[in-house]
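Final position of the sequence shown in numbering that gives the first Met the number 0 is 293; the numbers increase by one with none missing. Built from N, CA and C at the ideal position, the CB exists for glycine as well. Beneath this line is the structure, given in structure tokens, with notes to follow.
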Amino acid sequence: MRAVALALFLLSGAGQALAAPMRLVDDIGATVVIGAVPQRVVCLSPGAVEIIYALGAEGQLKAVCGLCDFPPPAKSLPKVGDFLTVSVESVLGARPDLVVATGGVQKELVLRLRSSGVPVLVLYPHTVEGIIENILLLGRAMGKESEGKRVAGRIRGQIALIMGRSRQALGREKVRVYFEVSPDPLIAASSRGYVGELLFLAGGNNVVSGGLEEYPRISPEFIVSKDPEVIIVSHSASSAEALRMIKARPGWEKVSAVRNGRVYADLNMDLIMRPGPRVVTGLGLLSRRLSQAR
């Protein structure tokens with residue numbers, strides 16, 4: 000398998016050779032060596048696909064996973080499986096000179112691809128700044144360094160503008176907020192990860208502290224005791240449905256967010272939970288929604 004992968008790599012039509020091999024350190028601390036600007040990229044992360052299009056490097060993108068559906072042209076690209084069930088054979092069959100993946104659930108997949116001799120760049124940010132750094136990193140990897148700097152600068156400027164508006168609207172007093180990722184088991188976005196950081200930047204005080212996990216399991220009683228003023232639900236079809244579901248939980252009818260009807264499931268979660276350039280749009284949505292709680 001390794002010999003086949005290396006042969007495919009050599010036949011993949013890599014781009015112009017660099018003056019010296021580029022050594023990039025990815026988000027899991029691995030050094031990825033790139034000898035030429037990659038022309039056949041397979042991307043297994045929806046957020047990274049959005050970055051590639053923002054860089055104007057979509058011409059180098061040859062295949063993606065099933066969840067890579069934005070921008071719309073990405074839907075028509077060849078698929079190498081779903082996000083959780085990527086086919087190694089399909090990836091190798093696309094003759095990549097670079098694979099862009101994520102960490103966590105794709106860890107074993109990354110190891111298998113690397114053992115086959117394919118360069119794999121892992122983007123796995125835990126902060127908003129980490130997302131911006133991924134844009135710069137992928138810009139370098141794709142031969143689009145100046146474009147990466149431009150996109151990163153634009154995002155930083157937009158974040159600063161939104162934060163200024165949030166402080167003005169909320170008078171620096173933060174709104175107690177609970178972000179629910181899953182109802183059973185009950186899983187929340189804590190203040191540790193980039194989703195939690197978006198809540199903070201938008202003017203929220205996350206009632207679930209970071210601890211050691213970005214998405215911890217929690218008890219219903221804990222949330223009731225924290226009395227969030229706003230509840231954001233990522234898994235419901237509508238805010239009305241989410242409010243009915245949460246109000247039916249024992250004790251939750253007393254929670255401020257439930258009493259005041261501030262349970263929301265109408266935000267585009269791709270803008271909030273995908274680590275790509277659109278998180279700044281998600282931040283704006285969160286900021287406006289939290290400002291309505293005052």
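Closest Cα partner of residue i within the set the options
{"i": "Val254", "options": "Val98, Gly209 and Pro227", "result": "Pro227"}
{"i": "Gly142", "options": "Glu220, Leu60, Ala247 and Asp26", "result": "Leu60"}
{"i": "Leu17", "options": "Ile27, Ile33 and Val24", "result": "Ile33"}
{"i": "Ala292", "options": "Pro184, Ile231 and Arg155", "result": "Ile231"}
{"i": "Ser190", "options": "Pro72, Pro184 and Val206", "result": "Val206"}
{"i": "Gly28", "options": "Arg288, Ile245, Glu196 and Tyr123", "result": "Tyr123"}
{"i": "Ser89", "options": "Ser286, Ala241, Pro71 and Cys64", "result": "Cys64"}
{"i": "Val85", "options": "Leu282, Asp25, Ala151 and Leu110", "result": "Leu110"}
{"i": "Pro77", "options": "Pro71, Gly192, Ala62 and Val229", "result": "Ala62"}
{"i": "Tyr177", "options": "Tyr214, Gly281 and Val279", "result": "Tyr214"}
{"i": "Ala73", "options": "Val119, Tyr52, Gly163 and Ala241", "result": "Tyr52"}
{"i": "Phe221", "options": "Ala241, Trp251 and Ser114", "result": "Trp251"}
{"i": "Ala140", "options": "Ser114, Val279, Ile50 and Ile161", "result": "Ile50"}
{"i": "Val79", "options": "Pro71, Gly92 and Phe69", "result": "Gly92"}
{"i": "Gly163", "options": "Arg287, Gly152 and Arg149", "result": "Arg287"}
{"i": "Ile161", "options": "Gln38, Thr280, Ser114 and His125", "result": "Thr280"}
Three-way DSSP call (helix, strand, coil) for residue i in this model
{"i": "Glu49", "result": "helix"}
{"i": "Ile161", "result": "helix"}
{"i": "Asn133", "result": "helix"}
{"i": "Glu179", "result": "strand"}
{"i": "Tyr214", "result": "coil"}
{"i": "Val36", "result": "coil"}
{"i": "Arg155", "result": "helix"}
{"i": "Met272", "result": "helix"}
{"i": "Lys78", "result": "strand"}
{"i": "Ser11", "result": "Low local confidence applies: a pLDDT of 44 at Ser11 is under 50, so the model's placement there is unreliable, and no value is given."}
{"i": "Thr30", "result": "strand"}
{"i": "Gly142", "result": "coil"}
{"i": "Ala201", "result": "coil"}
{"i": "Leu17", "result": "strand"}
{"i": "Ala62", "result": "strand"}
{"i": "Val223", "result": "helix"}
{"i": "Leu185", "result": "strand"}
{"i": "Ala256", "result": "helix"}
{"i": "Arg22", "result": "strand"}
{"i": "Val119", "result": "strand"}
{"i": "Ala236", "result": "coil"}
{"i": "Leu266", "result": "coil"}
{"i": "Val41", "result": "strand"}
{"i": "Val206", "result": "coil"}
Residue i Cβ short of 8 Å to the ligand PLP heavy atom set
{"i": "Met244", "result": "The ligand content of the structure shown is nil, which means the ligand PLP is not present either."}
Distance CB(residue i)-CB(residue j) smaller than 9 Å
{"i": "Gly102", "j": "Val87", "result": "no"}
{"i": "Val174", "j": "Asn204", "result": "yes"}
{"i": "Arg248", "j": "Pro219", "result": "yes"}
{"i": "Ser290", "j": "Ser181", "result": "no"}
{"i": "Gly138", "j": "Gly147", "result": "yes"}
{"i": "Val194", "j": "Ile158", "result": "no"}
{"i": "Leu198", "j": "Leu284", "result": "no"}
{"i": "Val98", "j": "Leu112", "result": "yes"}
{"i": "Ile131", "j": "Ile154", "result": "yes"}
{"i": "Val119", "j": "Val36", "result": "no"}
{"i": "Ala56", "j": "Val41", "result": "no"}
{"i": "Leu54", "j": "Val150", "result": "yes"}
Residue environment, residue i, which counts as buried when at least 16 other CB atoms sit within 10 Å
{"i": "Asn133", "result": "buried"}
{"i": "Phe8", "result": "Legend: pLDDT at Phe8 = 43, less than 50; position of this residue unreliable, value from coordinates given subsequently. Buried: at least 16 other Cβ atoms inside 10 Å."}
{"i": "Gly201", "result": "Here the sequence assigns Ala to residue 201, which means Gly is not the residue at that position. Buried: at least 16 other Cβ atoms inside 10 Å."}
{"i": "Ala188", "result": "buried"}
{"i": "Gly210", "result": "exposed"}
{"i": "Arg94", "result": "buried"}
{"i": "Asp297", "result": "Outside the displayed span of the chain (0 to 293) sits residue 297, for which this structure offers no information."}
{"i": "Glu298", "result": "Missing from the structure shown is residue 298; the chain here goes from 0 to 293 and no further."}
{"i": "Ala4", "result": "Residue placement at Ala4 cannot be trusted, given a pLDDT of 46 that sits under 50; the coordinates are not used to answer."}
{"i": "Glu179", "result": "buried"}
{"i": "Glu107", "result": "exposed"}
{"i": "Leu10", "result": "Per-residue confidence for Leu10 stands at a pLDDT of 42, beneath the threshold of 50, marking its modelled position as unreliable; no derived number is given."}
{"i": "Val104", "result": "exposed"}
{"i": "Ala19", "result": "exposed"}
{"i": "Phe58", "result": "Per the sequence shown, residue 58 should be read as Gly rather than Phe. The residue is exposed, with fewer than 16 neighbouring Cβ atoms inside 10 Å."}
{"i": "Arg243", "result": "exposed"}
{"i": "Val24", "result": "exposed"}
{"i": "Ser145", "result": "exposed"}
{"i": "Arg216", "result": "exposed"}
{"i": "Arg277", "result": "buried"}
{"i": "Glu172", "result": "exposed"}
{"i": "Gly192", "result": "buried"}
Below-9 Å beta-carbon distance, residue i vs any chain C residue
{"i": "Ala241", "result": "The chain labelled as chain C is not found in the depicted structure, where only one protein chain is given."}
Problem set entry | Meets three-Cβ-pair contact criterion under 8 Å: the segment 43 to 51 and the segment 264 to 279 | yes
Problem set entry | At least three beta-carbon pairs within less than 8 Å, the segment 257 to 270 to the segment 229 to 247 | yes
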